[in-house]
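Residue numbers (this note's numbering): 34 to 502. These notes concern the structure reproduced below.
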């Protein structure tokens, strides 16, 4: 490959082609897309006719039962006299209430992510000795191969941090002497490696991107005496300085994002690809590809962007009528991204409340006080209170609609000075613990390859010779 006038070229036969040409949507491509669209339309009525559960959900919105797990449980209703009644959301990790787990490590003054990862992966709360050993394992493995940052991360930096993270994970397989060994001990080793290095891959990927964009490059080595949350702040900040409250709240975010059932898109992806017998690196890359999707892992970015737009358009952040009018504008696709959504409100499972949002909100207020952002906090809480009213009035939806964890997590990341490019990678840094647990559970209970059925609705046709088409 040669470089000419800031454009990259490659040789294809006798033709020198600009790399930028590969990104161009030509009339020929547009035509092929039109043909594709025309010949892939399925009659929506056929889904009902053939009793297909679109999105693996029943008509009432509940997910179909595709598997069993002991790793986590989500509860949003209770059955009374044979009828389902919504309740405040509950989340359990290995049978333990998330509220109890959080209060447990906070009351001790400990960081909780490492203990939570152990619980999710191994099904029991660790003893002091077991947790010390696990922390030592993470500290020992919290490093990258020699020259990996230079030769892999800095060689081809990208503005897409999730793609950078996926590429780095797949490349790590080249440095593993047993990448394809799916015996349980080897998978345990690989999963602990993933939990240890994900923060490095995410932060270093961002540093490479900013360096490419003309900013100064600094690469801090991780410290073995720091927790995962502390290391993230240490790696990300040029002076490596952070307050105890900042580290505690980031640690809490990691705990709350670490796991959320076997049916969410990325975790189900983990089960699906693990059932095929693939390696850990490919499995994690597949989960990352799923999490990258804006329908799954990118919602907290949108919440922050929505509030940025709201703050610009409201002259008085305490004017509740003005806030409600802005929310109506969102629902009617008249402002912000015109999607018709109030980001951060509502959840596929929870209705009355999301337990993760309830917990996080308590600590958001403390961080706002430390940062002098009390007015911003008041705006967030006003929107949290008013949005369900506006949704009920405008959409005639009277079932419970509440703030989800994304509503506050993006605000936390903004206050921690995390760049928006790292919001979804931080989700991955946390969720890799849950993915690891589900991969190990699938391997221990290895059954059939996951293979649901698709009904063909294409009529049979007679072949037509090319000269007669």
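Beta carbons: idealized from backbone N, C-alpha and C, even for Gly.
Point to revise | Exposed unless 16 or more other CB atoms sit within 10 angstroms - verdict on residue 479 | key: To locate residue 479, count along the chain shown from 1; it is residue 446. Its Cβ having fewer than 16 others within 10 Å, residue 479 is exposed.
Review point. Within the chosen definition, does the region 409-424 reach the region 140-150 through at least 3 CB pairs nearer than 8 Å?
Key: no
**Study point:** Supposed contact pair residue 225 and residue 171 - C-beta distance, whole angstroms, cut 8 Å
**Key:** Working through the chain shown from its first residue, we reach residue 171 at position 138. Working through the chain shown from its first residue, we reach residue 225 at position 192. So it is a contact: roughly 7 Å between Cβ atoms.
Review point. What does residue 110 pair with, by DSSP beta-bridge criteria?
Key: On the chain shown, position 77 is the one that residue 110 refers to. Per DSSP, 119.
Review point. Is the CB-CB distance between residue 134 and residue 279 below 7 Å?
Key: Position 101 of the chain shown, counting from 1, holds the residue named residue 134. Position 246 of the chain shown, counting from 1, holds the residue named residue 279. No. Outside cutoff.
Review point. Grouping DSSP H, G and I as helix and E and B as strand, with all else coil, what is residue 177?
Key: Indexing the chain shown from 1 puts residue 177 at position 144. Residue 177 falls in the coil class under three-state DSSP.
Practice item. Give, in chain order, every unbroken run of the alpha helix (DSSP H) that is at least 4 residues long and sits entirely within the region 268-308. Key: 277-290 and 298-308
Review point. Excluding sequence positions up to five away, which residues of its chain have a Cβ less than 8 Å from the Cβ of residue 159?
Key: Numbered from 1 along the chain shown, position 126 holds the residue referred to as residue 159. For residue 159, where only same-chain residues beyond five positions count, the Cβ hits under 8 Å are 148, 151, 152 and 167.
Check your understanding: When burial is assigned at 16 or more other CB atoms within 10 Å of the CB, is residue 316 buried or exposed?
Key -> Locating residue 316 in the chain shown gives position 283, where the first residue counts as 1. Residue 316 is buried by the Cβ-count criterion.
Check your understanding: Taking the C-alpha atoms as reference points, what is the distance between residue 267 and residue 405?
Key -> Numbered from its first residue, the chain shown carries residue 267 at position 234. Numbered from its first residue, the chain shown carries residue 405 at position 372. Rounded to the nearest angstrom, the two C-alpha atoms are 23 Å apart.
Point to revise | Limits of the alpha helix (DSSP H) - the one that residue 136 falls within | key: For the purposes of this step, residue 136 is identified with residue 103 of the chain shown, where counting begins at 1. Looking at the DSSP string, the run of the alpha helix (DSSP H) that includes residue 136 is 131-141.
Check your understanding: Between the region 126-143 and the region 197-213, do three or more beta carbon pairs fall short of 8 Å?
Key -> no
Practice item. Count the other CB atoms, across all protein chains shown, that sit within 10 Å of the CB of residue 274; report buried if there are 16 or more and exposed otherwise. Key: Taking the first residue of the chain shown as position 1, residue 274 is located at position 241. With fewer than 16 other Cβ atoms within 10 Å, it is exposed.
Exercise for review: Spatial neighbours of residue 263 within its chain, please: CB distance less than 6 Å, with the 5 preceding and 5 following residues excluded, ordered by chain position.
Suggested key: Position 230 of the chain shown, counted from the first residue, corresponds to residue 263. If we look at residue 263 and ignore the five residues flanking it on each side, its Cβ neighbours are 280.
Practice item. May I ask you to report which of helix, strand or coil DSSP gives residue 87? Key: The residue you call residue 87 lines up with position 54 of the chain shown. The answer is helix: DSSP assigns residue 87 an H, G or I state.
Review point. Does DSSP classify residue 436 as helix, strand or coil?
Key: On the chain shown, residue 436 is found 403 positions in, with the first residue counted as 1. Of the three classes helix, strand and coil, the one that applies to residue 436 here is strand, per DSSP.
Point to revise | 7 Å Cβ cutoff met for residue 384 and residue 109 | key: To locate residue 384, count along the chain shown from 1; it is residue 351. To locate residue 109, count along the chain shown from 1; it is residue 76. A contact, by the Cβ cut-off of 7 Å.
Exercise for review: Output the distance between the C-alpha atoms of residue 285 and residue 169, rounded to the nearest integer angstrom.
Suggested key: By 1-based counting over the chain shown, the position of residue 285 is 252. By 1-based counting over the chain shown, the position of residue 169 is 136. Between residue 285 and residue 169, the C-alpha separation is close to 21 Å.
Practice item. With residue 202 as the anchor, note down where its alpha helix (DSSP H) starts and where it stops. Key: For the purposes of this step, residue 202 is taken as the residue at position 169 of the chain shown. Run containing residue 202: 194-205, per the alpha helix (DSSP H) assignment.
Exercise for review: Starting from residue 422, follow the alpha helix (DSSP H) in both directions and report where the run begins and ends.
Suggested key: Residue numbering aside, residue 422 sits at position 389 when the chain shown is read from its first letter. Where residue 422 is concerned, the enclosing alpha helix (DSSP H) stretches over 407-428.
Practice item. Assuming residue 324 and residue 464 form a contact by the criterion Cβ under 8 Å, report the distance between their Cβ atoms to the nearest whole angstrom. Key: Position 291 of the chain shown, counted from the first residue, corresponds to residue 324. Position 431 of the chain shown, counted from the first residue, corresponds to residue 464. Yes, they are in contact, since the Cβ atoms of residue 324 and residue 464 sit about 7 Å apart, within 8 Å.
Check your understanding: If you drop the 5 nearest sequence neighbours on each side, which residues of the same chain put their C-beta closer than 7 Å to that of residue 455?
Key -> Along the chain shown, one-based indexing puts residue 455 at 422. Around residue 455: 194, 235 and 239.
Point to revise | Short Cβ contact (7 Å threshold) for residue 375 with residue 217 | key: Along the chain shown, one-based indexing puts residue 375 at 342. Along the chain shown, one-based indexing puts residue 217 at 184. Their beta carbons are not under 7 Å apart, which means residue 375 does not touch residue 217 by this criterion.
Review point. Name the DSSP bridge partner or partners of residue 100?
Key: As a first step, residue 100 must be located in the chain shown, where it is residue number 67. Looking at the DSSP assignment, residue 100 forms no beta bridge with any residue, so it has no partner.
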